[in-house]
Each structure stands twice: as C-alpha cells, then as structure tokens.
Amino acid sequence: MARDTSPIVKQSRREGVALHPKAHKIMARKSGIPGQHGQGRQGKQSMYATQLREKQKVRRMYGLLEKQFAKLMNEASRRPGLAGENLLQFLELRLDNTVYRAGFATSRRGARQLVSHGHFLLNGRRVDIPSIRVKAGDEITVRPKSTKSGYFSQINDVFGNTVQAPLSWVKGDVKKLKIEVTGAPKREEAEQDINEQLIVEFYSR
148 MARDTSPIVK
158 QSRREGVALH
168 PKAHKIMARK
178 SGIPGQHGQG
188 RQGKQSMYAT
198 QLREKQKVRR
208 MYGLLEKQFA
218 KLMNEASRRP
228 GLAGENLLQF
238 LELRLDNTVY
248 RAGFATSRRG
258 ARQLVSHGHF
268 LLNGRRVDIP
278 SIRVKAGDEI
288 TVRPKSTKSG
298 YFSQINDVFG
308 NTVQAPLSWV
318 KGDVKKLKIE
328 VTGAPKREEA
338 EQDINEQLIV
348 EFYSR
C-alpha cells in the first residue's frame with residue numbers, strides 16, 4: 148500500500164504546522180524550513196507558491212499521496228456545493244481520520260497504522276483500507292482478536308480520561324471499543340488553520 152514515509156517532523160517544519168504530537172517539542176526548538184539552505188528560502192512567496200504550500204500542508208496533514216489527493220479534489224469539484232468544503236468533508240470521512248477523531252489514536256498516522264493492520268471491523272466486516280469513506284449509520288468496532296492486544300487492552304487507561312471537543316458526526320467509546328458515525332462533518336469541525344480556497348485555486352489553474 149503506497150504511503151508517504153518521509154519523516155513527519157521534517158514535513159511539519161516544512162509546512163509550518165505540527166502534523167504529529169511529537170513535532171510540537173522539536174518545532175519549539177527548531178523553526179523554519181529544514182535543510183542547509185532552508186533559512187535562505189523564506190522570501191516573499193508568489194500566489195502559486197502560497198497555493199502549493201497550502202495543498203501540500205493539507206495533503207500531508209491527512210497522509211495522502213499526490214495522486215490520491217488530486218483524485219479526491221476532482222471528485223469534490225464535481226459534487227454540488229463548495230468544492231473546498233466537499234474536499235474537507237471527504238478527508239474527514241476517511242476511515243483512518245474517523246478512528247483518530249473518535250479518540251482511538253493520538254495522530255492520523257497512528258490511526259492509519261491501526262486500520263492497515265486490520266484491527267477494525269466496519270459494520271461487522273474486517274477492513275484494512277484507511278481511505279474507505281464512512282457514512283452516517285456506520286459502526287466501527289475493534290476486531291475481537293485485537294481487543295486482547297496490549298494497545299487496546301490499555302486504551303481506556305490511556306485515552307479514557309482525555310477531554311476532547313465533541314464532534315457532531317462521530318461518537319467514540321474507548322470502553323466499549325466502538326465508534327459510531329452519526330452524520331457528516333461540518334466545516335468548522337475540520338482543522339481550523341486550513342484555507343481550502345487556496346487548494347481549489349491551485350487545481351483550477
């Protein structure tokens with residue numbers, strides 16, 4: 148299965164946003180573009196460069212390759228409504244992101260790994276494809292065999308007391324090891340520091 152294996156901290160510094168919890172501490176000490184000549188490349192950006200960086204930031208935030216992201220943008224543009232908001236909704240409804248949003252992992256990359264290893268059942272069927280798009284009414288449960296693993300047997304102790312902002316479209320229960328999709332994500336429930344219009348403009352060139 149194709150995926151981006153470049154260092155997540157390096158990606159975070161390049162995009163100027165922490166894409167993983169472990170990136171926060173390092174970015175507090177090391178700011179700016181990584182690399183020997185990184186500091187010398189921080190001049191005024193053209194509109195194209197600004198659009199490109201926004202696209203790259205969101206693509207890396209959700210862990211997609213370029214071909215996957217472009218295909219999703221194309222689908223979003225053909226759907227009724229605002230293309231940018233459609234794109235964010237598609238990204239939020241990915242199975243790996245849903246697992247992350249429900250509080251079963253500390254990062255999207257971690258959630259993707261859990262899904263890829265086949266630890267979840269979607270409506271009773273084992274799945275291992277992170278890009279599957281969930282919908283209202285879907286139920287995601289931890290595979291019975293996986294409940295005995297060290298990760299899931301301790302998940303309530305690790306995440307049970309974590310306070311997260313409630314989302315209107317997904318409910319996670321780490322005690323019962325169950326996730327319910329109750330609706331569709333609202334724009335304000337996606338990442339706030341995304342300017343989706345820049346991405347739309349990038350692909351509209």
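Just add 147 to the spot in the sequence shown (first one is 1) and you have my numbering.
Heads up, the beta-carbon is just placed ideally off N, CA and C, and yes, glycines get one too.
Lys191 and Ser224 have their C-alpha atoms some 30 Å from each other. Of all C-beta pairs linking the stretch 308-328 to the stretch 240-259, three or more are shorter than 8 Å, placing the two stretches in contact. In this structure, Leu234 lies near Glu343, with their beta-carbon atoms less than 8 Å apart.
For Gly319, the enclosing beta strand (DSSP E) covers residues 317-320.
Within a 10 Å sphere around the beta-carbon of Gly271 sit fewer than 16 other beta-carbons, which makes this residue exposed.
Residue range 242-248 is occupied by the alpha helix (DSSP H) that includes Arg248. With contacts defined as CB atoms closer than 8 Å, Leu345 and Gln198 qualify as a contacting pair. For Lys325, the enclosing beta strand (DSSP E) has its first and last residue at 325-328. Leaving aside the five residues that flank Leu219 on each side, the residues in its chain whose CB is nearer than 8 Å to its CB run, in chain order, Leu211, Leu234, Phe237, Leu238.
Pro277 is the residue among Pro277, Leu240, Glu338, Ser351 whose C-alpha sits nearest the C-alpha of Gln260.
One thing to note: Val289 has its Cβ no nearer than 8 Å to the Cβ of Phe306. Within its own chain, the residues whose Cβ lies closer than 7 Å to the Cβ of Ala337, once the five positions on either side in sequence are excluded, are Leu235, Glu239, listed in chain order. Ranked by how close their Cα comes to the Cα of Ala249, the residues Val205, Lys282, Lys318 have Lys318 in first place. Shown here, Leu234 sits in a helix according to DSSP, grouped into three states. In the structure shown, the three-state DSSP call for Val281 is coil. When C-alpha distances from Gly265 are compared across Lys322, Met208, Ala283, Ile287, the shortest belongs to Ile287. Taking the CA atoms as reference points, Arg255 sits about 12 Å from Arg206. Beta-bridge annotation (DSSP): Phe267 is paired with Val274, Val289.
Non-local beta-carbon contacts of Val347 in its own chain, meaning distances under 6 Å to residues more than five positions away in sequence, involve Ala230, Gly231 in chain order.
Sequence-distant partners of Ser296 (beyond 5 residues in either direction) whose C-beta falls short of 8 Å from its own C-beta, in its chain, are His266. Residue state for Ala252 is assigned as coil, using DSSP reduced to three classes. Judged by DSSP secondary structure, Asp304 falls within the alpha helix (DSSP H) whose first and last residues are 302-306.
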